[in-house]
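For the sequence shown, UniProt numbering gives the first residue as 1, with consecutive numbering after it. Note that beta-carbon positions come from the ideal geometry of N, C-alpha and C, so glycine has one too. This structure is a prediction, so every number in the text was calculated from the model and none was measured. So the structure is just underneath, and the comments pick up after that.
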Amino acid sequence: MPWTKITREQYRRDDLRYASDMTDAEWALIRRLLPRANRRGRPRKTELRRVIEAILYIVSTGCQWRALPQEFPPYST
């Protein structure tokens with residue numbers, strides 16, 4: 001199927017920092033599958049979206065955890 005003007009706009013990723021970053025629509029689909037934060041125990045300090053984006057970055061680039069760019073959560077997360 002060739003790209004049309006409509007589909008080009010729909011799948012545009014120019015405003016994302018990295019090609020592995022998710023759009024808000026993609027995050028809305030994935031967020032429902034992840035466990036919610038538990039009220040007991042230690043509260044989360046890192047957004048799950050950033051963790052998932054870091055995993056996608058590693059998978060797409062082959063980067064090591066310790067070599068992640070500064071924009072991602074620490075590798076110890």
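Below-8 angstroms beta-carbon distance, residue i vs any chain C residue
i, result
"R49", "Among the chains of the structure shown, chain C does not appear; only one protein chain is present."
Own chain residues within Cβ distance below 8 angstroms of residue i, not counting five before or after
i, result
"S20", "E53, L56, Y57, V59, S60 and T61"
"A37", "P43 and R44"
"L68", "A54, Y57, I58 and Y75"
Sequence-distant residues of the same chain with beta carbon closer than 6 angstroms to residue i, five excluded per side
i, result
"A28", "none"
Simplified DSSP assignment, three categories, for residue i
i, result
"Y57", "helix"
"A37", "coil"
"R44", "coil"
"W3", "coil"
Close beta carbons around residue i, own chain, < 7 angstroms, minus the five adjacent residues each side
i, result
"V51", "P73 and T77"
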